[in-house]
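>
Number of protein chains: 2
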Amino acid sequence: MADVGNLLKKKSLRKTVTRSKILELMVDESIAMSEREIGEKLDGSFDRVTIYRTLHTFLNNGLVHKVLDGNGGTKYALCQHDCEENGKHHHDHVHFSCQVCKQTHCIEQVQLPSMNLPDGFQVKEVNVLFEGICPNCK
Amino acid sequence: MADVGNLLKKKSLRKTVTRSKILELMVDESIAMSEREIGEKLDGSFDRVTIYRTLHTFLNNGLVHKVLDGNGGTKYALCQHDCEENGKHHHDHVHFSCQVCKQTHCIEQVQLPSMNLPDGFQVKEVNVLFEGICPNCK
DNA sequence: GTTTATGCAAATTCTTTGCAATACT
DNA sequence: AGTATTGCAAAGAATTTGCATAAAC
Chain R
13 MADVGNLLKK KSLRKTVTRS KILELMVDES IAMSEREIGE KLDGSFDRVT
63 IYRTLHTFLN NGLVHKVLDG NGGTKYALCQ HDCEENGKHH HDHVHFSCQV
113 CKQTHCIEQV QLPSMNLPDG FQVKEVNVLF EGICPNCK
Chain D
13 MADVGNLLKK KSLRKTVTRS KILELMVDES IAMSEREIGE KLDGSFDRVT
63 IYRTLHTFLN NGLVHKVLDG NGGTKYALCQ HDCEENGKHH HDHVHFSCQV
113 CKQTHCIEQV QLPSMNLPDG FQVKEVNVLF EGICPNCK
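Keeping their order, the protein sequence lines are chains R and D.
First residue of the first sequence: 13, per our numbering; consecutive thereafter.
First residue of the second sequence: 13, per our numbering; consecutive thereafter.
And the structure:
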């Protein structure tokens, strides 16, 4: 089981019940989750505002990243170890959003091909979102 | 200037003032816009509900497509002519969202490379969103 | 003992729904 | 005339803010 306390300590974040539970959940689940999903999986034990604030804190400290869910909603997923490589925090993400079950999976296996933008565009992040039907819903 | 009336007729949609104005705006602007931006550019002359419903109508009839804007918001952009090729409506889009001016540009020049997902994932659409700084904001 | 996080209430914004009035063909 | 669209009011959902209380270091 993941050492959630250590993760928090590394970021100089206070270890609280809320943060630990949310972080544990995100380590356990391999899917990206919205605030609502997180709240439901934690059985309504935390205030929605607290979850929002916790997610923002995690976001600002590079513990999680935003995931596009294809429906205008916002989801969050744990950052992987390599987010911090090369000294800068970066996210070249590939996600798959199922149109049936609405779950968003992080696809780690896919290597993002390089794409060249027209001159003048300075790229900081790349998000790739596939939408379709996941193996479970077929 | 674009023959907006013809676009509507091709889809068997009634030609109304709201639809024509919104469609003209989207033809003129090359960027993807949210309901709010559309409303503002049209100077508040239309009810927000009407704009939402118009966008849904356009979406259902393949005149526009949704664009991810990187902040959980939803934007819309005109479909290009080739959306309908091969008999099915598809959107393999590349967009660039500027973190400074928040504008979302459609990048037509970039050819989407093929990416292979793990077995079992049935892909219907692919969205690629670059985030960074656009030429105007540099 | 300070500083930071939490919970509650309430405000904002985004989006949808119902219904009567209006515009389109 | 008949059907689809619009505007208004209002509901619902997502997200943010202020402030007093409680927890962490």
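For each residue, glycine too, the CB sits at the ideal point set by N, CA and C.
Here the structure is a predicted model, which is why all the values come from computation and not from measurement.
Grab me the residues of D/R60's own chain with a C-beta within less than 7 Å of its C-beta, minus the 5 sequence neighbours each way, in chain order.
If we look at D/R60 and ignore the five residues flanking it on each side, its Cβ neighbours are E47 and G51.
> Taking only beta-carbon positions, decide if D/C146 is within less than 9 Å of chain R.
Yes, D/C146 counts as interfacial toward chain R.
> Rounded to the nearest angstrom, what separates D/D131 and R/M45 at their Cα positions?
Cα to Cα, the separation comes out at about 23 Å.
> Could you confirm whether any beta carbon from chain D is found closer than 9 Å to the beta carbon of R/E137?
True, the Cβ-Cβ gap to chain D drops below 9 Å.
> Does DSSP put R/N18 in a helix, a strand or coil?
Note: R/N18 maps to helix in three-state DSSP.
> Along chain R, which residues have their Cβ under 8 Å away from the Cβ of D/Q111?
Neighbours of D/Q111 on chain R, chain order: K136.
> Are R/H107 and R/L67 close, meaning C-beta to C-beta below 9 Å?
Result no, Cβ atoms of R/H107 and R/L67 do not sit closer than 9 Å.
> For R/V112, does the three-state DSSP call read helix, strand or coil?
Here R/V112 sits in coil by DSSP.
> For R/V140, which residues in chain D fall below 9 Å Cβ to Cβ?
The contacting residues are M127, V138, N139, V140 and L141.
> Look at the alpha carbon of R/E49 and the alpha carbon of R/K27, and state the distance between them as a whole number of angstroms.
Straight-line Cα distance between these residues: approximately 22 Å.
> Since D/V140 contacts D/L124 with CB under 8 Å, what's their CB separation in whole angstroms?
Indeed they touch by this definition, with Cβ atoms about 6 Å apart.
> Mind checking which residues open and close the beta strand (DSSP E) that includes D/G144?
Unbroken beta strand (DSSP E) run through D/G144: Q134 to I145.
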